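Peer 1: Before we start, here is the structure in question, set down as structure tokens.
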Amino acid sequence: MTTNPAVENGAPVPKLTRMELVYQLEGQDPATAVIHNRSLIAWDETRGVRKWGTSQESPFLFQTFILWHHLHRTGQYPSDFNTFRDVCIGCEAVDDEDGEPLEVPVDPTQPTVTPDLSSPLE
């Protein structure tokens, strides 16, 4: 997440937290979206109702949901979240420092996934 060091009337304005995501939907070129607080709040409210994990427990669901919320709220994507999930090829947070996608940390307590998407414990 980045901060916005703005100045208004010569006085610093409080830094605002935002997240930049690079994403691609089926049949479209990659694009970038800047996610603000409204979409993060919507995630907090929705994940509790739907009994989803935290953003750390479900990082891909988190990023996909806040992207959908932003695009839906701004009129750039009219359909519901379930439809969006099916057409969203991918989305990744962009690093503040170098503009490259951030690496999502892997939870070492979770089993790894093999190339055929089965668990090695099966």
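When you line the sequence shown up against my numbering, it's residues 1 to 122, in that order. Note that beta-carbon positions come from the ideal geometry of N, C-alpha and C, so glycine has one too. Treat the numbers as computed from the prediction; the structure is a model and nothing was measured.
(1) Going by DSSP, what residues sit across from Y23 in a beta bridge?
(2) Taking the alpha-carbon of F81 as reference, which of D29, I66 and W52 has the nearest alpha-carbon?
(3) Is there contact here, the stretch 36-56 with the stretch 70-77, by at least three beta-carbon pairs under 8 Å?
(4) Are L21 and I89 close, meaning C-beta to C-beta below 8 Å?
Peer 2: From the atom records:
(1) Looking up residue 23 in the sequence shown gives position 23. The partner list for Y23 (beta bridge, DSSP) reads A31 and C91.
(2) Along the sequence shown, read from residue 1 onward, the residue named residue 81 stands at position 81. Of the candidates D29, I66 and W52, the one whose C-alpha sits nearest the C-alpha of F81 is I66.
(3) yes
(4) Reading the sequence shown from its first residue, position 21 is the one you call residue 21. Reading the sequence shown from its first residue, position 89 is the one you call residue 89. Their beta carbons are not under 8 Å apart, which means L21 does not touch I89 by this criterion.
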